[in-house]
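Undergrad:
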Amino acid sequence: MAIGKKPKKLFVAATRQDQGKTTISLGLLAAFEEMTPPVGFIKPVGQRYVEVDGVRVDEDVALMRAVFKHEVGLADMSPVTVGRSFTRDYILHPNRQALVDRVRAAFERVAEGKNAVVIEGTGHAGVGSCFDMSNAEVAKLLGAKVIIVTEGGIGGPIDEVMLNASVFHEHGVELLGVILNKVRPEKLDSVATFVEEGLGRKGIELLGVIPHETILSNPTMNQILNEVGGDLLNGDRYLANEIETVIVGAMTAHRALDYIYHNSLLITPGDRDDLILAAMSSYAVGEDKANFVAGMLLTGGVRPHENIVRLLRRTNIPVVLVKGDSYSVAAAVNNLKIKIQPVDTKKIVMARRLVKRFVNVQRILDAL
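Structure, rendered in structure tokens:
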């Protein structure tokens, strides 16, 4: 980048949480890296954090750092992390200027020498208002233009886009357009036609329509292990296994086999030798076919007999021993917020491909 030239700054917002904002950010960052390198990434305000090299950072920052190998400091890529007592402490002792200074200084270090910077927001336009750093306020502070990500549909998404657009407009932030995500593939063209027309009547451009991909909505065994906890008994090299269906083992072994499909997760007490052996059998005969177990959660804190453990260790099945009962563990798995992890190679590749194919990246760059 030429000395003194300011980088292109894109703020990625969403109408709600879990709209695919991180997936879109990853795909855009990859596309920018190809089209106008070098690029940077920052998530000024993060709510879900992890520890990386002793630094508490937003989990999306950890992902981008792992994928793109950015050399800038992790603390600069994630300057504000919102812990449990953060909001209460701020309300009692507000100091907006301290947050402003921290975010601005971090952004300057991230942006140094870059041609473009992707800035990922947190949820909808108003998130962060309780501590005076909403997405709209942060985008204004950094002088960034905004795209809004929303899920597929027609009326609902347009309504939510307009609600969020009004908040950005109130803060003087320019909205470049909208990316419609997770659209049912068979309705892609129809939805695109109506949403483009509907948004166009409001003066808002539709920049992309991305089909729903099941792989991005399915958890991996690695995420289940991280979120549910427990002790890994087997299969550490196969934690990237994708889970498509969940089976709670509360039936006979021969009945359970009727429910074991491709990439199944079996949740069963650790002393149900019959179900564990049945799952291993399905794995042995079905690994290259349509039905096999991709992981097991053995509940109740009951470790299987050592003879069973020895057999498990002759397979590639990730097996986790957890303390809760089968139904509470199944509920926890069902309620997981699915996020791309650094080890999720297939999901990372898919995110890159979807944005490259279905989003008008050149139009975005030209408008920045």
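Using this note's numbering, read the sequence shown as starting at 888 and increasing by one per residue.
Backbone N, C-alpha and C define an ideal beta-carbon position, used for all residues, glycine too.
Nearest to V987 by alpha carbon, out of G1015, A1003, K1001 and H1011?
TA: Of G1015, A1003, K1001 and H1011, the residue nearest in Cα terms is G1015.
Undergrad: Hey, K1027 and V997 are a contact pair by Cβ (cut 8 Å); roughly how many whole angstroms apart?
TA: Actually they do not touch by this definition, with Cβ atoms about 18 Å apart.
Undergrad: Hey, would you say L1119 sits closer than 9 Å to V1196, going by beta carbons?
TA: Taking 9 Å as the Cβ cut-off, L1119 and V1196 do not qualify as a contacting pair.
Undergrad: Rounding to the nearest angstrom, what Cα-Cα distance links G1065 and L1094 in this structure?
TA: Note on residue identity: the sequence assigns Val, not Gly, to residue 1065. The alpha-carbon atoms of V1065 and L1094 are separated by roughly 6 Å.
Undergrad: Comparing C-alpha positions only, which one of I1091, T974 and R943 sits nearest to G960?
TA: It is R943.
Undergrad: Answer yes or no: the CB of K1089 versus the heavy atoms of the ligand COA, is any distance below 8 Å?
TA: In the structure on display, the ligand COA does not appear, and there are no ligands present to speak of.
Undergrad: Are the beta-carbon atoms of S1213 and I1154 separated by less than 9 Å?
TA: Against a cut-off of 9 Å, the Cβ pair of I1154 and S1213 comes out as a contact.
Undergrad: Taking only the alpha-carbon atoms, compute the straight-line gap between A1003 and F928 and give it to the nearest angstrom.
TA: Cα to Cα, the separation comes out at about 9 Å.
Undergrad: Please report the straight-line C-alpha distance between K1069 and G907, rounded to a whole angstrom.
TA: So the two alpha carbons sit approximately 8 Å from each other.
Undergrad: Note down, in chain order, each residue of its chain lying with its Cβ closer than 6 Å to the Cβ of L913, except the 5 sequence neighbours on either side.
TA: Closer than 6 Å at the Cβ level, and outside the excluded window around L913, lie A1238.
Undergrad: Going by DSSP, what residue range makes up the beta strand (DSSP E) through T902?
TA: That residue, T902, is in no beta strand (DSSP E); it is neither H nor E in DSSP.
Undergrad: Are G1008 and V926 closer than 9 Å when you measure CB to CB?
TA: Result no, Cβ atoms of G1008 and V926 do not sit closer than 9 Å.
Undergrad: When the Cβ atoms of the segment 1186-1202 are set against those of the segment 1119-1128, are three or more pairs found closer than 8 Å?
TA: Contact holds: three or more Cβ-Cβ distances are below 8 Å.
Undergrad: Pull the bridge partners of R943 from the DSSP assignment, please.
TA: DSSP output for R943 lists E938 as bridge partner(s).
Undergrad: Tell me whether N1222 is buried or exposed, calling it buried when 16 or more other Cβ atoms sit within 10 Å of its Cβ.
TA: The residue in question, N1222, is exposed, as its Cβ has fewer than 16 Cβ neighbours within 10 Å.
Undergrad: May I ask you to report which of helix, strand or coil DSSP gives T1186?
TA: In the structure shown, T1186 sits in a strand (DSSP, three-state: E or B).
Undergrad: Starting from the C-beta of E1092, find all residues in its chain whose C-beta is less than 6 Å away, skip the five residues before and the five after it, and write them out in chain order.
TA: Excluding residues within five positions, the ones whose Cβ falls inside 6 Å are G1064.
Undergrad: Please report the residue range of the beta strand (DSSP E) in which K1069 lies.
TA: Looking at the DSSP string, the run of the beta strand (DSSP E) that includes K1069 is L1062 to V1070.
Undergrad: Less than 9 Å separating the beta-carbons of P966 and A993?
TA: Yes, the Cβ-Cβ distance between P966 and A993 is below 9 Å.
Undergrad: Alpha helix (DSSP H) containing H1225: first to last residue?
TA: Reading off the sequence, residue 1225 comes out as Ile, not His. Note, I1225: premise wrong, no alpha helix (DSSP H); not H, not E.
Undergrad: For the segment 1217-1232 and the segment 1075-1092, state whether three or more C-beta atom pairs, one from each stretch, are separated by less than 8 Å.
TA: At 8 Å Cβ cutoff, the stretches do not touch.
Undergrad: Could you tell me how far apart the beta carbons of G1182 and L1208 are, in whole angstroms, since I believe they sit closer than 8 Å?
TA: Their Cβ separation, rounded to whole angstroms, is 12 Å, which puts G1182 and L1208 out of contact at 8 Å.
Undergrad: Assign V916 to one of two classes, buried (16 or more other C-beta atoms within 10 Å of its C-beta) or exposed (fewer than that).
TA: The residue you asked about is not Val; residue 916 is Leu in the sequence shown. Its Cβ being crowded by 16 or more others within 10 Å, L916 is buried.
Undergrad: Residues in the same chain with beta-carbon distance under 7 Å from D1180, minus the five sequence neighbours each way, listed in chain order, please.
TA: Correcting the residue identity first, residue 1180 is Val in this sequence and not Asp. I1147, S1151, L1153, A1166, S1169, Y1170 and I1204.
Undergrad: Could you check the C-alpha separation between L979 and S1021 for me, to the nearest Å?
TA: Near 18 Å, if we compare the C-alpha coordinates of S1021 and L979.
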